[in-house]
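Here's the structure we're looking at; comments come further down.
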Amino acid sequence: MPVLSVRDLVMHYKTKMGYVKAVDGISFDLNAGESLGIVGESGCGKTSVSMTILRLLPDNAEFRGGHVYFNDGSGEVDLVTLPEDEMRKYRWKGISMIFQAAMNSLNPVYRVGDQIVEAILNHYPDTTIDEARKKVAELFELVGLDPKRMDQYPHQYSGGMKQRAVIALALSCDPKVIIADEPTTALDVIVQDKILKEMKKIQKKLNMAMIYISHDIAVIAEVSDKIAVMYAGKFVELADSITIFKRPRHPYTFGLMSSFPSITGEKKKLFTIPGEPPNLLNPPKGCRFAPRCFNATEKCRREDPPFLEIEPDHYLACWNPVKREGEEK
Ligand SMILES: Nc1ncnc2c1ncn2[C@@H]1O[C@H](COP(=O)(O)OP(=O)(O)OP(=O)(O)O)[C@@H](O)[C@H]1O
Ligand SMILES: [Mg+2]
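Numbers 3 to 331, taken from my numbering, label the letters of the sequence shown in order.
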C-alpha cells in the first residue's frame with residue numbers, strides 16, 4: 003500500500019505577468035521503503051511539487067486542486083484538506099524534507115546537536131533531553147558524523163559535514179517519507195557520491211520512502227527504484243529505473259538518457275536536447291515538449307497528451323513515443 007498517493011496536483015504562482023504553471027497535474031504513488039527520483043531540467047517545477055506536498059508555499063502560490071493522500075499505516079488522510087495546525091503534525095514526523103541548498107539552513111548561532119535535539123523535543127514532547135541527545139548521537143553515527151561534534155557550531159563543520167547534519171535533522175523525527183531536493187549538488191563529486199550511497203543505505207535500513215530530486219540523471223540513477231521525468235510542470239514518464247534507462251518511451255526521457263555518458267565507458271555520441279524549456283507563464287499549446295521534440299506531429303502541437311499507464315507501472319504522456327526494438331508502430 004502506498005505511503006503517499008499524489009493525485010492531479012495543481013499549483014500556480016501568481017505574478018504581475020500572469021500565472022506560472024509550475025505544478026500542472028502531477029500524480030504518483032510511493033510505497034514504504036521505495037525511492038522515487040524526480041528528474042528534469044532547471045525550472046521544470048521539481049521543488050514546487052515538493053513544496054505543494056508539504057504545503058510550504060510562498061504567498062503568491064495558488065493551490066488549484068488535487069490530493070495528497072498520506073498513510074503511515076494508521077489510516078489515510080488527504081493532507082490538502084487539513085487545517086494548518088493539523089498539517090504541522092505531519093511535517094517532519096510524517097514527511098520530512100532536505101531543502102535545496104540545505105547546508106545553509108543550519109542556524110549559525112546554535113550548536114548543531116542542540117538544533118536536532120530541539121526538533122525532537124518539538125515533535126515528541128515526552129522525550130527527556132538525555133534521551134534526545136542519545137538519539138542525536140545515534141543519528142550522527144548513522145550519517146557518518148563523529149558524535150563528539152554534536153556540541154560544535156555549524157561554522158566548525160565542512161560543507162560535507164553540514165550536509166550530513168542536515169540529513170540527520172531530517173531523519174530526527176522518524177519520518178515515513180523523506181523528500182531530498184538536490185541535497186548534494188553543492189558538494190564535490192567524491193563527497194557527493196559517498197553521501198548518496200549512505201543515504202540510499204539509510205533509506206533501505208529504516209524502510210523509509212524517499213523522493214529524491216535532481217536535474218542530474220547520474221545522481222538519480224544511483225538512488226532511485228523508480229524515476230519520474232518532469233517537464234514544464236508535468237510528469238511525462240514514470241517507471242522503474244531500469245525501464246527508464248533501458249527503454250525510455252518519451253522523447254524527452256530519451257534525450258536526457260542519451261546526454262548521460264555510459265557508465266560502462268562505451269563510446270557514443272552524446273545527444274543534447276535542442277532549445278530551452280518553455281516559459282511557464284505561457285507554455286506551448288498541446289504537448290509542452292513538442293517544440294523541442296524530434297518526434298512531434300501536428301497532433302502533438304494541438305492536443306495535450308494524457309498521462310496513461312501503457313504497461314503495468316509504466317506511465318507515459320506522449321502521442322508519438324520512441325519506438326521499441328521490433329515494434330512497427
Ligand atoms: N515564488 C515564485 N513566484 C513565481 N514563480 C516562481 C516562484 N517560485 C518558482 N517559480 C517558477 O516556477 C517554476 C518552477 O520552479 P521550481 O523552483 O519548482 O523548479 P525546479 O525544477 O526546482 O528548478 P531547479 O532545478 O532550478 O531547482 C520556474 O519557472 C520558476 O521560475
Ligand atoms: Mg529546485
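Built from N, CA and C at the ideal position, the CB exists for glycine as well.
Cβ-heavy atom distance, K236 to ligand 2, below 7 Å: Outside the cutoff, so no.
Status (buried if at least 16 other CB within 10 Å, exposed otherwise) for G277: It counts as exposed.
Assigned exposure category for D26 - 16 Cβ within 10 Å defines buried: A buried status is given to D26, since no fewer than 16 other beta-carbon atoms sit within 10 Å of its beta-carbon.
Proximity test, S44 beta-carbon vs ligand 1 heavy atom, cut-off 7 Å: Yes, since a heavy atom of ligand 1 falls inside the 7 Å radius drawn around the Cβ of S44.
Where N73 sits in the DSSP three-state scheme: Reduced to three states, the DSSP call for N73 is strand.
V324 in three-state terms, based on DSSP: Here V324 sits in coil by DSSP.
Cβ-heavy atom distance, Y48 to ligand 1, below 7 Å: Note that residue 48 is Lys in the sequence shown here, rather than Tyr. Yes; taking the cut-off as 7 Å, the Cβ of K48 has a heavy atom of ligand 1 nearer than that.
Which listed residue (R135, I192, P149 and P250) has its alpha carbon closest to that of G161: Comparing Cα-Cα distances from G161 to each of R135, I192, P149 and P250, the minimum goes to I192.
The region 175-185 contacting the region 203-221, beta-carbon criterion three pairs below 8 Å: Counting Cβ pairs under 8 Å, three or more are found: they touch.
D26: CB within 7 Å of a non-hydrogen atom of ligand 2: No; taking the cut-off as 7 Å, the Cβ of D26 has no heavy atom of ligand 2 nearer than that.
Closer than 7 Å: Q117 CB and nearest ligand 3 heavy atom: By its list of ligands, the structure shown excludes ligand 3, since it contains just ligand 1 and ligand 2.
Every unbroken beta strand (DSSP E) inside the region 189-220 [3 residues or more]: Here the runs fully enclosed are 211-216.
Among E64, A63, L318 and L81, nearest to V70 - alpha-carbon criterion: Of all alpha-carbon atoms in E64, A63, L318 and L81, the one lying nearest the alpha-carbon of V70 is that of L81.
Euclidean distance between Cα positions of R66 and E133: About 43 Å.
Proximity to A34 [Cα-Cα], best of P85, P253, I97 and T299: Here the closest residue by C-alpha is I97.
Buried or exposed by the 16-neighbour rule on C-beta atoms within 10 Å, applied to D87: In the assembly as shown, D87 is an exposed residue. Its beta-carbon has fewer than 16 other beta-carbons within 10 Å.
Local conformation of H125 per DSSP, three classes: Under the three-state reduction of DSSP, H125 is assigned to helix.
Through-space distance from P323 to L258, alpha-carbon basis: Rounded to whole angstroms, L258 to P323 spans 15 Å at the Cα level.
Spatial distance of I131 from V119 (CA atoms): Spanning the alpha carbons of I131 and V119 requires a straight line of approximately 7 Å.
Where P285 falls, given that 16 or more other Cβ within 10 Å makes a residue buried: Result: buried.
Enclosing beta strand (DSSP E) for D31 [first to last residue]: For D31, the enclosing beta strand (DSSP E) has its first and last residue at G20 to N33.
D218 Cβ short of 7 Å to ligand 2 heavy atom set: False, no ligand heavy atom lies under 7 Å from that Cβ.
Beta carbon proximity, P149 to chain C, threshold 8 Å: This model lacks chain C altogether; it includes just one protein chain.
Any non-hydrogen atom of ligand 1 within 7 Å of L282 CB: Yes.
Euclidean distance between Cα positions of K331 and C302: With a pLDDT of 49 at K331, under the threshold of 50, the modelled position of this residue cannot be trusted; read the value that follows with caution. C302 has its alpha-carbon roughly 16 Å from the corresponding atom of K331.
Host alpha helix (DSSP H) of K301 (start-end): Under the DSSP assignment, K301 falls in the alpha helix (DSSP H) whose first and last residues are E300 to R304.
Helix, strand or coil at A241 according to DSSP, with G and I counted as helix: Note: A241 maps to strand in three-state DSSP.
Burial state of K18 (16 or more Cβ within 10 Å): With fewer than 16 other Cβ atoms within 10 Å, it is exposed.
Which residues DSSP lists as bridging L38, in chain order: Bridge partners of L38: I213 and K228.
Range of the contiguous alpha helix (DSSP H) that encloses T255: Its alpha helix (DSSP H) spans residues P253 to S260.
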